[in-house]
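This report refers to the structure that appears directly beneath it.
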Amino acid sequence: FLRTRRPPRSTPLYSSAASDVYKRQEYACLLYGNGTAPQPQSITKIMHTKTVNIEFKNPLSEKCEFSIRFDNPCFTLATKLPGPIESGKGVSLPVKYDFSDSQPSTGRMIISTKDLPPWIYYLHGEKQISPCLLYTSPSPRDATLSRMPSSA
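Shown next as structure tokens:
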């Protein structure tokens, strides 16, 4: 229900108990509206043993405690949860990825509170590839056999 107060009239020259009662009248009505559930976020890529900060903002009108869980154990929060988040305020959540051959490289970070639908962040871990330099030593055959013409 939505409760509204009638706006007070401009101050009259005289006042009476009846006009004070009129100013304090409240009305109640049923309010209908449409809302949408939280939508999936884009995929966040995280390199092996690196940390990426994911921004999360409390969209609710009150200070709330949020819980965070991951559906893949390779993804973790690098620090503790910040505690209750003020209404409209954002926090930076540092997410870390540790590569494992036995686990998939994708996962979800699921943020929930109360009985509301969860916020889902899709994560993709990438194994860091070490650069490999290939070095070959000269062959003894290269010194005796020249591919250059002898007139050069």
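According to the working numbering, the sequence shown holds residues -14 to 137 in order.
Here a beta-carbon is modelled for each residue, glycine too, at the ideal position from N, C-alpha and C.
Taking Cβ positions, are T39 and G110 nearer each other than 9 Å? For the purposes of this step, residue 39 is identified with residue 54 of the sequence shown, where counting begins at 1. For the purposes of this step, residue 110 is identified with residue 125 of the sequence shown, where counting begins at 1. According to the sequence as given, residue 39 is Ile; it is not Thr. The Cβ atoms of I39 and G110 lie no closer than 9 Å to each other.
Terminal residues of the continuous beta strand (DSSP E) containing G92? Translated into positions along the sequence shown, residue 92 becomes position 107. Going by DSSP, G92 is part of the beta strand (DSSP E) stretching over T91 to S97.
Please tell me whether F41 and T98 are closer than 9 Å, where the distance is taken between their beta carbons. For the purposes of this step, residue 41 is taken as the residue at position 56 of the sequence shown. For the purposes of this step, residue 98 is taken as the residue at position 113 of the sequence shown. No, they are not a contact pair.
Distance between S90 and I105 (C-alpha atoms, nearest Å): Numbered from its first residue, the sequence shown carries residue 105 at position 120. Numbered from its first residue, the sequence shown carries residue 90 at position 105. The C-alpha of I105 lies about 17 Å from the C-alpha of S90.
DSSP state of A151, grouped into three classes? With the chain running from -14 to 137 in the structure shown, residue 151 is simply not present.
Unbroken beta strand (DSSP E) run spanning G110, endpoints: Within the sequence shown, the letter at position 125 stands for residue 110. Note, G110: beta strand (DSSP E), W104 to E111.
So what does DSSP say about E40, is it helix, strand or coil? Taking the sequence shown and counting its residues from 1, one reaches residue 40 at position 55. In the three-state DSSP reduction, E40 falls in the strand class (E or B).
I need the straight-line Cα distance from L66 to E11, nearest angstrom please. Counting from 1 along the sequence shown, the entry for residue 66 is found at position 81. Counting from 1 along the sequence shown, the entry for residue 11 is found at position 26. Going by the C-alpha atoms only, they are around 42 Å apart.
When burial is assigned at 16 or more other CB atoms within 10 Å of the CB, is I70 buried or exposed? By one-based count along the sequence shown, residue 70 stands at place 85. Buried is the call here.
Under 9 Å between the Cβ atoms of G92 and N43? The sequence position of residue 92 within the sequence shown is 107, counting from 1. The sequence position of residue 43 within the sequence shown is 58, counting from 1. Contact: no.
Have a look at P79 and S27 and give me their C-alpha separation to the nearest angstrom. Your numbering for residue 79 matches position 94 in the sequence shown. Your numbering for residue 27 matches position 42 in the sequence shown. In this structure, the straight-line span from the alpha carbon of P79 to that of S27 is close to 17 Å.
Take the Cβ of L16 as the centre, count every other Cβ of all protein chains shown within 10 Å, and call the residue buried at 16 or more, exposed below. Residue mapping note: residue 16 aligns to position 31 of the sequence shown, counting from 1. It counts as exposed.
Alpha carbon to alpha carbon, what distance is there between C14 and F(-14)? Locating residue -14 in the sequence shown gives position 1, where the first residue counts as 1. Locating residue 14 in the sequence shown gives position 29, where the first residue counts as 1. Only weak support exists for where F(-14) lies, its pLDDT of 48 falling under 50; the value from the coordinates is given anyway. In a straight line, the C-alpha of F(-14) is about 6 Å away from that of C14.
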